[in-house]
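In this note's numbering, the protein residues as written are 6 to 214.
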């Protein structure tokens with residue numbers, strides 16, 4: 006039946022409204038977790054733990070039963086660092102705000118059916134002010150995503166640096182302890198040798214002291 010079809014002008018208006026609404030979608034994939042994981046791996050060689058996991062666990066491939074090397078220590082720190090997890094969550098929230106910044110209020114499609122000599126009228130009301138402000142909103146939200154994404158990556162780099170520096174300090178502390186032990190052994194050896202020389206009459210008391 007012809008009466009069951011939307012008149013051609015109405016179909017055109019509906020199509021235009023659909024295009025406007027669909028065209029408002031903002032691509033946020035560069036800030037999703039797979040993208041952040043790739044960025045972190047490219048910068049550090051380590052992968053990202055999925056957000057929402059707050060239990061302390063070991064990263065895949067790390068076995069502490071055979072000891073922990075520097076690489077494993079870094080992986081464990083990135084996997085369980087609460088501040089790093091918070092920075093990841095902040096990027097996720099900003100990504101949601103970026104997606105929201107591109108949305109527009111639904112257009113209002115009105116149909117006035119003919120009454121008497123009045124012709125069929127159709128109108129499409131769009132939030133013009135919101136449309137005009139959309140580019141600035143999207144740009145501001147994207148800039149915030151980029152800022153928080155950079156902070157997230159820098160936080161990861163800082164964690165890697167701090168763990169590696171701590172490992173170097175630990176190794177140096179071990180070296181210092183080993184040197185101190187050797188010096189103590191040498192000092193005791195010298196003292197023992199001097200006492201023996203003194204007892205054998207080859208050294209004076211002053212030399213022993």
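Note that the Cβ used here is the ideal one computed from N, Cα and C, for glycine as well.
- Taking the C-beta atoms as reference points, residue 161 is found nearer than 9 angstroms to residue 83.
- Three or more Cβ pairs closer than 8 angstroms define a contact, and the stretch 133 to 151 falls short of that threshold against the stretch 71 to 90.
- Secondary structure note for residue 89: its alpha helix (DSSP H) is the uninterrupted segment 87 to 106.
- The beta carbon of residue 92 is closer than 7 angstroms to those of 156, 157 and 160 in its chain, skipping five residues each way along the sequence.
- For the 9 angstroms CB-CB criterion, residue 103 and residue 139 do not form a contact.
- Under the 10 Å beta carbon count, residue 89 is surrounded by 16 or more other beta carbons and is classified as buried.
- In the three-state reduction of the DSSP assignment, residue 33 falls in the coil class, being assigned neither a helical nor a strand state.
- Closest by C-alpha distance to residue 167, out of 80, 67, 71 and 189, is 80.
- Straight-line spacing of the CA atoms in residue 34 and residue 99 works out to 12 angstroms.
- The Cβ atoms of residue 148 and residue 31 lie no closer than 9 angstroms to each other.
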